[in-house]
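For the sequence shown, counting from 1, position 58 maps to 58 in UniProt numbering; every step adds exactly one. Virtual Cβ for every residue (Gly too), placed ideally from N, Cα, C.
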Amino acid sequence: MTSNETFQFYQQEATKLKRQIREIQNSNRHILGEALSSLPLKELKSLEGRLERGISKVRAKKNETLFAEMEFMQKREVELQSHNNYLRAQIAEHERIQQQQQQQQQTNMMQRATYESVGGQYDDENRSTYGAVGALMDSDSHYAPQDHLTALQLV
1 MTSNETFQFY QQEATKLKRQ IREIQNSNRH ILGEALSSLP LKELKSLEGR
51 LERGISKVRA KKNETLFAEM EFMQKREVEL QSHNNYLRAQ IAEHERIQQQ
101 QQQQQQTNMM QRATYESVGG QYDDENRSTY GAVGALMDSD SHYAPQDHLT
151 ALQLV
């Protein structure tokens with residue numbers, strides 16, 4: 001190919017591409033409902049058919065997406081209900097343990113109060129008894145300490 005032929009080839013390609021760009025731009029305008037007055041009836045019907053097929057595909061895709069989203073949401077609902085039931089069981093268990101602990105504390109407090117009220121009577125009696133023994137032990141303090149005792153030797 002000569003440089004002149006190469007130039008003509010690229011010029012023709014550029015012209016084709018410009019025409020294709022104009023056709024695509026016009027087609028886009030027609031799809032958007034613009035510049036329709038210049039179209040003959042046959043092209044208007046063709047455009048209407050293409051638009052209806054396009055709308056049908058868009059609706060089908062939209063419905064498919066909505067159904068997939070609904071299915072996902074239903075699965076998510078089941079998961080959330082299951083987790084909610086688990087949490088309720090945990091709360092119930094925690095409340096049961098807390099109630100048992102409170103009952104145990106109340107029982108301990110009642111036992112302590114009973115012991116202190118009954119034990120106080122015995123303490124008074126014990127003090128008087130042990131007090132007498134303590135006095136006797138103190139009175140024995142006049143004896144000499146045992147470390148001064150001499151050891152007996154057997155011969």
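Take the alpha-carbon of serine 46 and the one of glutamine 25: they are about 17 angstroms apart. By the neighbour-count criterion, in which 16 or more other beta carbons inside 10 Å mark a residue as buried, histidine 30 falls on the buried side. Closest in C-alpha terms to serine 27, from the list Gln11, Glu13, Ala14 and Leu44, comes Leu44. Rounded to the nearest whole angstrom, the CA to CA distance from lysine 42 to glycine 33 is 16 angstroms. Counting along the chain, serine 27 sits inside the alpha helix (DSSP H) bounded by residues 3–31. DSSP places serine 37 outside both helix and strand once states are collapsed to three, so it counts as coil.
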